[in-house]
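Set out below in structure tokens:
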């Protein structure tokens, strides 16, 4: 039950850099309109970054090698099908976690 | 005049803080399951319960919290963790830029408050309300945001307390919660794409996957996330007809 000094610095620093992009558009939007190409570029960011954050888990980086994370790839496929079928964040998350737990329990334990 | 009064009357009925809180409920299951996972991952990354609570209250971003924990375990430098968090959370800029025009008539302080608590989910709920042509106001938005915020802090702290009692949280598959959430958010994003643009977007997703994997051989994966996102978003603009 304590807060370490380096951890506190990390939390405060991360809080600052998170809150600034959240607030800035609210402060400037009344005065400045972003140029069209910038808006278009920004509109591709969500899909790109979400793909990256999924694909990131397909690989395990060790010191001098890159390995495929097979359990993740195996579970991602049915999880994707559930996401497409249900369009529900919570059902996808719960069933994904459940399938990963089952896979680990039966095969990777 | 009468019509105006009727609109005001309806706003009073429909757009209260309480209604905002109610409209948050469908997203709560998502918040709670990810928050529990974030709390468990936090303590398994050697954070104390109080540090998890502080992290969830001040950073308040699921993806970033997982990444902060992962980088701390990997002994990354403080500056690298903060820079990565900045980049991971930069997408909020786009969400805020989309929602902000609805609130220009309110005070600066209210705008700061609404912006500070904007998340993927509260963005989703409010932007779909706007898309349906329904009005939104400050009280409704605060009800939505604050309900989500309080639930998130409680879920993360509960997860941290629970995580202390588990010897091996990975065995329960909670580490997969974030991957599943990103996958679901990606599917929901693609859902909202116009059919004529669908192929364009699917091609970009394929480019992302290829560039991510190739870059992973040369740079840390969180750097690969950034570089590939910048490259592919640019390809997206250039190849857009």
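Residue numbers (the UniProt record's numbering), protein chains in the order written: chain A, 1 to 109; chain B, 1 to 241. Glycine included, C-beta positions come from ideal geometry on N, C-alpha and C. It should be emphasised that the depicted structure is a prediction, and the values quoted were computed from it without experimental measurement.
As assigned by DSSP and simplified to three states, the class of residue 87(A) = Secondary structure of residue 87(A) (DSSP, three-state): coil.
Output the boundary residues of the beta strand (DSSP E) element that contains residue 190(B). First-last for residue 190(B): 177-191, but that is the alpha helix (DSSP H), not the beta strand (DSSP E).
**Asked** How would you list, in chain order, the residues of chain B whose beta-carbon sits under 9 Å from the beta-carbon of residue 37(A)?
**Response** Ordered by position in chain B, the residues that pass the 9 Å Cβ test against residue 37(A) are 237.
- request: Measure the C-alpha to C-alpha separation of residue 67(B) and residue 206(B) and round it to an integer number of angstroms.
  value: Looking at the two C-alpha atoms, the distance is approximately 23 Å.
- prompt: Enumerated in chain order, which unbroken segments of the alpha helix (DSSP H) with a length of 4 residues or greater are wholly contained in the segment 87-132 of chain B?
  reply: Segments of the alpha helix (DSSP H) lying fully in the segment 87-132 of chain B: 91-99, 108-116 and 120-131.
Among 210(B), 86(B), 126(B) and 87(B), which has the Cα closest to the Cα of residue 145(B)? Minimum Cα distance to residue 145(B) is reached at 126(B).
Against chain A, does residue 181(B) count as a neighbour if the rule is that its beta carbon must be under 9 Å from one of theirs? Taking Cβ atoms only, chain A reaches closer than 9 Å to residue 181(B), which makes this a yes.
So if I threshold CB-CB distances at 8 Å, which residues from the segment 53-86 of chain A count as touching chain B? Answer set for the segment 53-86 of chain A: 53, 54, 55, 56, 57, 58, 59, 61, 66, 72, 75, 76, 79, 80, 83 and 84.
Spatial neighbours of residue 87(B) within its chain, please: CB distance less than 6 Å, with the 5 preceding and 5 following residues excluded, ordered by chain position. Residues of the same chain with a CB within less than 6 Å of the CB of residue 87(B), apart from the 5 flanking positions on each side, are 226 in chain order.
Margin query: Comparing C-alpha positions only, which one of 33(B), 52(B) and 92(B) sits nearest to residue 94(A)?
Written below: Of 33(B), 52(B) and 92(B), the residue nearest in Cα terms is 33(B).
TODO: Using alpha carbons as the reference points, say which of 19(B), 17(B), 28(B) and 16(B) lies closest to residue 151(B).
DONE: Looking at the Cα atoms, 28(B) is the closest of the given residues.
>> Checking the sheet assignment: what are the DSSP bridge partners for residue 61(A)?
In response: Under DSSP, residue 61(A) takes part in a beta bridge, and its partners are 66(A).
(Q) I'd like to know if residue 106(A) contacts chain B, where contact means its C-beta is closer than 9 Å to some C-beta of that chain. (A) Chain B contact via Cβ: absent.
For the segment 36-46 of chain A against the segment 211-228 of chain B, do three or more pairs of beta-carbon atoms, one drawn from each stretch, fall closer than 8 Å, so that the two count as touching? Cβ pair count under 8 Å is below three, so no.
- Does residue 101(B) have its Cβ less than 9 Å from a Cβ in chain A? So, interface residue.
Counting only C-beta atoms, is residue 195(B) closer than 9 Å to chain A at any point?
With 9 Å as the cut-off, residue 195(B) does not count as an interface residue toward chain A.
Item checked: Through-space distance from residue 53(B) to residue 130(B), alpha-carbon basis -> Residue 53(B) has its alpha-carbon roughly 33 Å from the corresponding atom of residue 130(B).
Q. How long is the line joining the alpha carbons of residue 86(A) and residue 26(B), rounded to whole angstroms?
A. If you take the alpha carbons of residue 86(A) and residue 26(B), they lie about 14 Å apart.
### Query
Can you tell me whether DSSP reads residue 138(B) as helix, strand or coil?
In the displayed model, residue 138(B) falls within a helix according to three-state DSSP.
Within 10 angstroms of the Cβ of residue 232(B), are there 16 or more other Cβ atoms? Answer buried if so, exposed if not.
Flag for residue 232(B) reads buried.
Residue 23(B), enclosing alpha helix (DSSP H) - first and last residue
In this chain, the alpha helix (DSSP H) harbouring residue 23(B) covers 17-44.
Point to revise | residue 133(B) classed as buried or exposed, judged by whether at least 16 other C-beta atoms fall within 10 angstroms | key: Residue 133(B) is exposed by the Cβ-count criterion.
**Prompt:** Which stretch, first to last residue, makes up the alpha helix (DSSP H) that contains residue 13(A)?
**Reply:** Per DSSP, the continuous alpha helix (DSSP H) segment holding residue 13(A) begins and ends at 5-28.
- Specify whether the segment 190-208 of chain B and the segment 63-80 of chain B touch according to this definition: at least 3 beta carbon pairs, one from each stretch, less than 8 Å apart. Contact between the segment 190-208 of chain B and the segment 63-80 of chain B is absent: fewer than 3 CB-CB pairs across the two stretches fall below 8 Å.
Selection from 197(B), 114(B) and 16(B) that minimises the alpha carbon distance to residue 103(B): The candidate whose alpha carbon is nearest that of residue 103(B) is 114(B).
Endpoints, alpha helix (DSSP H) assigned at residue 38(A):
For residue 38(A), the enclosing alpha helix (DSSP H) has its first and last residue at 36-55.
By the 9 Å beta-carbon criterion, what residues does the segment 92-105 of chain A contribute toward chain B? Within the segment 92-105 of chain A, 92, 93, 94, 95, 96, 97, 98, 99, 100, 101, 102, 103, 104 and 105 place their CB atoms closer than 9 Å to a CB of chain B, listed in sequence order.
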